[in-house]
Structures are given as structure tokens and as C-alpha cells.
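Engineer: Structure below; questions to follow.
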Amino acid sequence: MSKKRGKDIADSTVYALAAVLGIILLVDIVLIASPQPPLLRVTGLQTSSATGTVGLFILGVCTGPLVQGWNLISLCNDVADSSISSIFSGVNIRYVMRWNETSQEFAIYSPSASSNPFTTLEINRSYMVFLNDATGSIFPSAGNNPDLNLTLVQGWNAPGFPYEFNSNFTIYFNASQHRFLMKWNTTDQEFVIWSPRMAAPPSSLMFVGDGQFIYSDATSTLRYNRTNLTT
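See the structure below:
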């Protein structure tokens, strides 16, 4: 595939990806009745046949893989410089997408744009990031994050998982208020949906550097307790 055609595909599918969360709202009834978790595919995201991973390194112990194509990430430690140019220094990114909980849509950052709706990353958010290739590394650095309480709105939210250790999201997922949790499969370039209503839900593990989307039935509080998350 030529570089130009690859760029055209990535540019067009960024808007298709931005519409995916709205489509997911329509699968509620199907999800409840389905014995297997549905996967929502976003096609045409590969720009070449290159393969590999690039590491997300924060304070040495805080690492998470990034791949060519789309990634759903969050920062697993605090950062001294939160600018996108600093965090992704040396990494060939095309897009960073931040979810707007109020409008329920993505804002899109591009390093080639003359202006952008945001230029920094926040610890309490997850981000969709498109890598042109799997070369380079990310080196933000600061300290570990404390216990956090994040406000979720009714609808889809993209809270970060801001810790340097793996955990199980059922510890903080409130089944009485939260309906779905969605992660990104970098290999298949698909969303994977988890729900406590499923007969056979997928894995509930949250790995260092993972991002997530949570659907809340009402305004609620997502409570992160470091001690509980590590037990």
C-alpha cells in the first residue's frame, strides 16, 4: 500500500472511529442478550505492513506498549511536562483524540494542524493515539499518583487508569451505576466491551498504560484507591 493511500485511509477512518461510541449506544439490548461479548471493528487503520511496538516509559516501572495504528492509552504516572510535544517526543504520531463528555464526541489533535483544540494530556483521561510507525519511545517523568475520585457524567466517559501497576477494573467498576467498560484491542484494532450483564464477559484486567471508556447511567464518582487496587 502506498504512503499516500495509507494516509487517506487513516484520515478517513479517524472520523469513523469518532462515530463508533455513538453506534455502541444501539447495542445495549443485543449486549444483554448475547452470551459472548460483541466486538466493534474499525477497519482500514493500517498504513503499511510494518509491525512492532514502541514503549511508553514512565519512571522505569511504568511501561506500556504502543503499536502502529490506533492505541487507547492513559498516563500511568504524573508528568513533569504534560504537553503532547514533550510526552510524544521522538514518536511519529498522526492523531491524538480526547473524548468530550459534555458533547459526547472526540476532539482531534494533529501535529500537522495549524491549531488544535488541546495541546496537553491529563492524568485523569484516556486518549486514542494513532502512530504512523512503531519507532521511538515516550519518556515523561514525575511521581506516582495518589488515590483519585473522578466525576463521570451520564453517558460515555474516558477516565484514565493513572497507576504504575496492573489491576482488575471490577474493583472500581460500580455495577449499580456503570453499564459498560470498553477497552481497545491493538492487535485486531477493535473495541472490546465488558458488562456485568454478560453471561461470559471478556477479561477484566487493566494493565499499566491502558485506557478505557466507561458508560455511566447517571452522574457518578469513579473512586480509585491504590491500596484496594493492589490487593
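Here our numbering is used: position 70 in the sequence shown is 70, and no number is missing along the way. Every residue gets a Cβ at the ideal spot worked out from N, C-alpha and C, and that includes glycine.
Out of 167, 205, 152, 123, state which residue places its alpha-carbon closest to the alpha-carbon of residue 82.
Structural biologist: Numbered from its first residue, the sequence shown carries residue 82 at position 82. When only C-alpha atoms are compared, the closest one is 123.
Engineer: Using C-beta distances below 6 Å, list every residue in its chain close to residue 211, excluding the 5 sequence neighbours before and after it, in chain order.
Structural biologist: Numbered from its first residue, the sequence shown carries residue 211 at position 211. These residues qualify, in order along the chain: 72, 73, 74, 126.
Engineer: Between the alpha carbons of residue 196 and residue 111, how many angstroms are there, rounded?
Structural biologist: Stepping through the sequence shown from its first residue, residue 196 is reached at position 196. Stepping through the sequence shown from its first residue, residue 111 is reached at position 111. Cα-Cα distance, rounded: 39 Å.
Engineer: Given a cut-off of 8 Å, decide if residue 152 and residue 162 are closer than it, judged by their beta-carbon atoms.
Structural biologist: Locating residue 162 in the sequence shown gives position 162, counting from the first residue. Locating residue 152 in the sequence shown gives position 152, counting from the first residue. For residue 162 and residue 152, no; Cβs fall outside 8 Å.
Engineer: Taking the alpha-carbon of residue 206 as reference, which of 194, 200, 130, 132 has the nearest alpha-carbon?
Structural biologist: What you label residue 206 is simply residue 206 of the sequence shown in a count that begins at 1. When only C-alpha atoms are compared, the closest one is 194.
Engineer: Can you give me the C-alpha to C-alpha distance between residue 175 and residue 114, rounded to a whole angstrom?
Structural biologist: Counting from 1 along the sequence shown, the entry for residue 175 is found at position 175. Counting from 1 along the sequence shown, the entry for residue 114 is found at position 114. Near 43 Å, if we compare the C-alpha coordinates of residue 114 and residue 175.
Engineer: Who are the near neighbours of residue 117 in its chain, counting only those whose CB is closer than 6 Å to its CB and skipping five residues on each side?
Structural biologist: The count along the sequence shown starts at 1 and reaches residue 117 at position 117. Counting only Cβ-Cβ distances below 6 Å, and skipping sequence neighbours, we find 107.
Engineer: How would you label residue 216, buried or exposed, when you count the other beta carbons within 10 angstroms and need 16 or more for buried?
Structural biologist: Taking the first residue of the sequence shown as 1, we reach residue 216 at position 216. With 16 or more Cβ atoms within 10 Å of its Cβ, residue 216 is classed as buried.
Engineer: So residue 223 is in the beta strand (DSSP E); what residue range does that whole segment cover?
Structural biologist: Position 223 of the sequence shown holds residue 223. Here the beta strand (DSSP E) through residue 223 covers 220-224.
Engineer: In terms of residues, what are the limits of the beta strand (DSSP E) holding residue 216?
Structural biologist: As a position in the sequence shown, residue 216 is number 216, starting the count at 1. Segment 213-216, the beta strand (DSSP E) holding residue 216.
Engineer: Nearest CA to the CA of residue 204: which residue from 90, 229, 221?
Structural biologist: Within the sequence shown, residue 204 is the residue found at index 204, counting from 1. Of the listed residues, the one whose Cα sits closest to residue 204 is 229.
Engineer: Going straight from the alpha carbon of residue 66 to that of residue 199, what length do you get?
Structural biologist: Here residue 66 refers to the residue found at position 66 when the sequence shown is read from its first residue. Here residue 199 refers to the residue found at position 199 when the sequence shown is read from its first residue. Cα-Cα distance, rounded: 31 Å.
Engineer: Enumerate in chain order the residues of its own chain whose CB-to-CB distance from residue 183 is below 7 Å, with the five nearest sequence positions on each side excluded.
Structural biologist: On the sequence shown, residue 183 is found 183 positions in, with the first residue counted as 1. Once the five neighbours on either side are set aside, the close Cβ partners of residue 183 are 72, 192, 210, 212.
Engineer: Decide if residue 168 is buried, meaning its Cβ has at least 16 other Cβ atoms within 10 Å, or exposed.
Structural biologist: Residue numbering aside, residue 168 sits at position 168 when the sequence shown is read from its first letter. Looking at its Cβ environment, which holds fewer than 16 other Cβ atoms inside 10 Å, residue 168 is exposed.
Engineer: Using 8 Å for Cβ pairs, my map puts residue 87 next to residue 121. What's the rounded Cβ distance?
Structural biologist: For the purposes of this step, residue 87 is identified with residue 87 of the sequence shown, where counting begins at 1. For the purposes of this step, residue 121 is identified with residue 121 of the sequence shown, where counting begins at 1. Correct: roughly 6 Å between the Cβ atoms.
Engineer: Please report how far the alpha carbon of residue 165 lies from the alpha carbon of residue 173, in whole angstroms.
Structural biologist: As a first step, residue 165 is located in the sequence shown; it is residue number 165 there, counting from the start. As a first step, residue 173 is located in the sequence shown; it is residue number 173 there, counting from the start. Their backbone Cα atoms lie some 17 Å apart in a straight line.
Engineer: Give the DSSP-derived three-state secondary structure of residue 119 in the structure shown.
Structural biologist: Counted from its first residue, the sequence shown places residue 119 at position 119. Residue state, collapsed to three classes: coil.
Engineer: Name the two residues that bound the continuous alpha helix (DSSP H) containing residue 73.
Structural biologist: Reading the sequence shown from its first residue, position 73 is the one you call residue 73. Not the alpha helix (DSSP H): residue 73 falls in the beta strand (DSSP E), residues 69-73.
Engineer: Count the other CB atoms within 10 Å of the CB of residue 158; is the residue buried (16 or more) or exposed (fewer)?
Structural biologist: If you number the sequence shown from 1, residue 158 lands on position 158. Its Cβ being crowded by 16 or more others within 10 Å, residue 158 is buried.
Engineer: Return the CA-CA distance between residue 222 and residue 146, expressed in angstroms with no decimal places.
Structural biologist: As a working mapping, residue 222 is identified with position 222 in the sequence shown. As a working mapping, residue 146 is identified with position 146 in the sequence shown. The C-alpha of residue 222 lies about 14 Å from the C-alpha of residue 146.
Engineer: Can you say whether residue 244 is buried or exposed, counting buried as having 16 or more other CB atoms within 10 angstroms of its CB?
Structural biologist: No answer is possible for residue 244: the residues shown for the chain start at 1 and end at 231.
Engineer: How would you write the range of the beta strand (DSSP E) that residue 93 sits in, first residue to last?
Structural biologist: Taking the sequence shown and counting its residues from 1, the one referred to as residue 93 is at position 93. It spans 93-100 - the beta strand (DSSP E) in which residue 93 sits, taken as one unbroken run.
Engineer: Under the assumption that residue 156 contacts residue 189 (Cβ atoms under 8 Å), give the Cβ distance between them as a whole number of angstroms.
Structural biologist: In the sequence shown, counting from the first residue as 1, residue 156 sits at position 156. In the sequence shown, counting from the first residue as 1, residue 189 sits at position 189. In fact, because the Cβ distance is near 19 Å, the residues do not count as touching under 8 Å.
Engineer: I'd like the list of long-range same chain contacts for residue 178, defined as Cβ closer than 6 Å, with 5 residues on each side in sequence excluded.
Structural biologist: For the purposes of this step, residue 178 is taken as the residue at position 178 of the sequence shown. For residue 178, where only same-chain residues beyond five positions count, the Cβ hits under 6 Å are 214, 216.
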